[in-house]
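Novice: Taking this note's numbering, the leading residue of the sequence shown gets 1309, the next gets one more, and so forth.
C-beta: ideal position from N, C-alpha, C; glycine also.
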Amino acid sequence: MPSFPLRRIGIVIAGVIVLVILWPFYSVPTGSRGVVTQFGKIVGIEGEGLAVLPPWQKLSNFSIRAEKADIENAEGSTSDTQPVKVSMTVRYSIATDRVSEVFEKYSHDGNLSSYVQTATQEIFKAVTAKYTAPDLIAQRAKVSSDINAALREKLALYGAQVINIDMRNFAFSDSYMHAINEKV
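(1) Residue 1315 and residue 1407 - do their beta-carbons sit closer together than 8 Å?
(2) The beta strand (DSSP E) spanning residue 1473 covers which residue range?
(3) Given that a residue counts as buried once 16 or more other Cβ atoms are within 10 Å of its Cβ, and exposed if not, what is residue 1485?
(4) I need the straight-line Cα distance from residue 1337 to residue 1368, nearest angstrom please.
(5) What are the boundary residues of the beta strand (DSSP E) that includes residue 1372?
(6) Looking at the structure shown, is residue 1496 part of a helix, part of a strand, or coil, going by DSSP?
(7) The beta strand (DSSP E) that contains residue 1397, what's its start and end?
(8) Grab the span of the alpha helix (DSSP H) containing residue 1463 for me, first residue to last.
(9) Use the C-beta contact count for residue 1402: other C-beta atoms within 10 angstroms, 16 or more gives buried, fewer gives exposed.
(10) According to DSSP, is residue 1380 part of a helix, a strand, or is it coil?
(11) Which residue comes first and which comes last in the beta strand (DSSP E) that contains residue 1422?
(12) Thinking just about the alpha-carbon of each residue, which of 1397, 1370 and 1372 is nearest to the one in residue 1424?
(13) Would you mind sorting residue 1333 into buried or exposed? The rule is 16 or more other CB atoms within 10 Å of its CB.
(14) Would you give the residue range spanned by the beta strand (DSSP E) that residue 1335 belongs to?
(15) For my contact list, residue 1465 and residue 1400 are in at a C-beta cut-off of 8 Å; report their separation, rounded to the angstrom.
(16) Mind reading off the beta-carbon distance from residue 1419 to residue 1356? Whole number of angstroms is fine, and I expect it under 8 Å.
(17) Could you pull the DSSP bridge partners for residue 1343 from this structure?
(18) For residue 1444, name the three-state secondary structure that DSSP assigns.
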């Protein structure tokens, strides 16, 4: 009779060990999605909360929260060939319906900062080339709107949504600024 309690204790201990080794419970935090992979292939996306997976699947947390990319001294030229620089902050997030694609092609954590910086600099050059230097100053809101629209279209290719763009420190060359000051 004494072997019966020992056997029961052994079974309980073995069960606990198996449960710990094969722990199937995962947590997906708020502002994230869980990308489920099986042998390296994406097989599903889990929402926030508790996820239960078999041991041969892996869950990677992927942020869909607002991120920011700082672009310092983006350079461009106006249509009247005046060099111009600006610093910008672009706030963006990953579209929830594109998490799988972004995870597979661009980023395993939701950080597309390098893509956003490159795209923003490219678009800044294209947009500023449409304006003269005086128009760039006088129509700053329109310039910002044009950059925003073009950037939304470009970042949509990467699965990102632009939340907003903050432009600051519009700067022209010293010689141009000196010429303006002399006129005034």
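Specialist: The answer reads as follows:
(1) Not closer than 8 Å, so no.
(2) Where residue 1473 is concerned, the enclosing beta strand (DSSP E) stretches over 1468-1480.
(3) That one is exposed.
(4) Distance between the alpha carbons of residue 1337 and residue 1368: 11 Å.
(5) Run containing residue 1372: none; DSSP gives neither H nor E here.
(6) This structure leaves residue 1496 out entirely; the chain is present only between 1309 and 1492.
(7) In the DSSP annotation of this structure, the continuous segment of the beta strand (DSSP E) that includes residue 1397 starts and ends at 1391-1402.
(8) Taken as a continuous stretch (DSSP letters only), the alpha helix (DSSP H) holding residue 1463 covers 1448-1464.
(9) Looking at its Cβ environment, which holds 16 or more other Cβ atoms inside 10 Å, residue 1402 is buried.
(10) Of the three classes helix, strand and coil, the one that applies to residue 1380 here is strand, per DSSP.
(11) Judged by DSSP secondary structure, residue 1422 falls outside any beta strand (DSSP E) and instead within the alpha helix (DSSP H) spanning 1421-1436.
(12) 1397 is the residue among 1397, 1370 and 1372 whose C-alpha sits nearest the C-alpha of residue 1424.
(13) Flag for residue 1333 reads exposed.
(14) The continuous beta strand (DSSP E) containing residue 1335 extends over residues 1333-1336.
(15) About 13 Å separates the two Cβ atoms, so there is no contact after all.
(16) About 19 Å; that fails the 8 Å criterion.
(17) In the DSSP output, where bridge partners are listed per residue, residue 1343 has 1353 and 1368.
(18) Note: residue 1444 maps to helix in three-state DSSP.
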